[in-house]
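Numbering (this note's numbering), first residue to last: 1220 to 1400. We treat Cβ as the ideally placed atom computed from N, Cα and C, and that holds for glycine. Computed from a predicted structure; not experimentally measured.
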């Protein structure tokens, strides 16, 4: 599966295929009768997702056919790519600069390939995803990632988040009321 990205996806597009689970009904000294492989794929384009699904299905069915096995292939489209709305980014950047200062706001964030479900909302409602900066950059924390058992939540970020959303309402509510007239 790992060759799908290198051989089938345009290098100017980004894609990730992660095989994260392998389950069998076998024991260590016998060939199993059932094997289940699960994982995740990510990209910023529906076309690339469709290509990945087609190639994964073809490879899975081909390997099984070659070895006299049956294949059940299931591919779900649970998450849409998280693609920010430009107008929303402008508003959020202004709000963030008011709250934490211009020197702490980066609007040139590179595309990020982590698995995120916020894109499902952005398919229907204008918005943008932002990083509030909840990590601690101390030597003790070593910037441990969010979904790690050793992650130490920075409670101080709650105040920053509340200030951010209060400022967003202060700026955006009057504009929204004018838009409705």
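Beta carbon of residue i nearer than 7 Å to that of residue j
| i | j | result |
| --- | --- | --- |
| residue 1274 | residue 1292 | no |
| residue 1270 | residue 1256 | no |
| residue 1308 | residue 1347 | yes |
| residue 1299 | residue 1327 | no |
| residue 1310 | residue 1351 | no |
| residue 1267 | residue 1288 | no |
Residues bridged to residue i (per DSSP)
| i | result |
| --- | --- |
| residue 1258 | 1238 |
| residue 1243 | 1254 |
Contacting residues, own chain, Cβ-Cβ under 8 Å from residue i (five flanking each side not counted)
| i | result |
| --- | --- |
| residue 1306 | 1345 |
| residue 1378 | none |
| residue 1239 | 1257, 1258, 1259 |
| residue 1250 | none |
| residue 1349 | 1311, 1315 |
| residue 1394 | none |
Distance between residue j and residue i (C-alpha atoms, nearest Å)
| i | j | result |
| --- | --- | --- |
| residue 1261 | residue 1301 | 10 Å |
Residues of its chain near residue i, where Cβ-Cβ distance is below 6 Å and the 5 sequence neighbours each way are ignored
| i | result |
| --- | --- |
| residue 1290 | 1279, 1280, 1283 |
| residue 1164 | Because the chain in this structure spans residues 1220 to 1400, residue 1164 falls outside the shown range and cannot be described. |
| residue 1337 | 1301, 1348 |
Cutoff 7 Å; reference residue i; Cβ partners in own chain excluding five residues on either side
| i | result |
| --- | --- |
| residue 1401 | Since the first residue of the chain shown is 1220 and the last is 1400, residue 1401 is not available in this structure. |
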